[in-house]
Amino acid sequence: MYFRLDQLGKNVLRDFFVLVGAVETEVEVPPGDAQRIDLWHVPNPDLLQAHPEIEPGLLRSMAAEPGMVEVWSATPDTADFHECIRKHRQWHHTLELRTGSRIPLPSAWLVSAGRPRRVEFPWLVRLSFEVPAEVVARLPADERDFIMETR
C-alpha cells in the first residue's frame, strides 16, 4: 500500500516539474550506490515563464531552482530523515564532481503524510501546508500533509 501511495506522489510531482524543466526519477546517488533520489528537478526558466498559470506559492517555489524531492506515504522517522540528509549531501558532492567546481547546495524537499514528531529539524528552512490554514485547523494532526525544504 505504501509503495503505491509513494509512487502516486512521485508521479504527480514529476508531471508538474516536467512542465517547467528537466526531471528524473529514481536517480542513483552516486551511481553504483544503493541510494536513490525520488525526484531530481532542474528548472528551465523559459518553461517556467511560459506557464503563468502556475501561481506563486509552494509548487512554483519548488520548481524555481534545482532540487530533489523525497516522498513518504507514511510519516518518516529520525532514521529516514537522516538518510535523506545524507543522500542530499552525497548528491551535492556528486554534482560537484561532475561539474569540476563548487556549486550551491540544491534544495531538498521532503513530502510526507503527517508531521514527523520525533525528528529534529536543525536545517529546517520552511514548513508549509498544502491545505489552506483554515482547513488545516480542522484536520486531525496525522491527516495533514507536511512539506519541508532543507538546505
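Just so we're aligned, residue 1335 is where the sequence shown starts under the numbering used here, counting upward by one.
Note that beta-carbon positions come from the ideal geometry of N, C-alpha and C, so glycine has one too.
ALA1398 has its alpha-carbon roughly 11 angstroms from the corresponding atom of GLY1391.
In this structure, the straight-line span from the alpha carbon of ARG1370 to that of LEU1431 is close to 18 angstroms.
Where GLU1387 is concerned, there is no enclosing beta strand (DSSP E), because DSSP gives it neither an H nor an E. Rounded to whole angstroms, THR1412 and ALA1384 show a C-alpha spacing of 39 angstroms.
With a minimum length of 4 residues, the unbroken runs of alpha helix (DSSP H) contained wholly in the segment 1409-1450 fall at 1412-1433. For the options LEU1342, LEU1382 and ILE1419, the alpha carbon positioned closest to that of TRP1443 is the one of ILE1419. Collapsing the DSSP output to three states places LEU1373 in a strand.
Comparing alpha-carbon positions, the option among TRP1406, LEU1439, VAL1357 and VAL1363 lying closest to LEU1339 turns out to be TRP1406. With a threshold of 16 other beta carbon atoms within 10 Å, SER1435 falls short and is exposed.
Considering only GLU1417, PRO1410, HIS1426 and ILE1388, the residue with the shortest C-alpha distance to VAL1445 is PRO1410.
Under the 10 Å beta carbon count, LEU1342 is surrounded by fewer than 16 other beta carbons and is classified as exposed.
Per the C-alpha coordinates, the member of ASN1345, GLU1417, GLU1387 and ALA1368 positioned closest to HIS1375 is ASN1345. Residue LEU1429 holds the alpha-carbon nearest to the alpha-carbon of GLU1362 among HIS1416, LEU1429 and LEU1347.
Among the bridge pairs identified by DSSP, GLU1358 is matched with TRP1374.
In the three-state reduction of the DSSP assignment, VAL1403 falls in the strand class.
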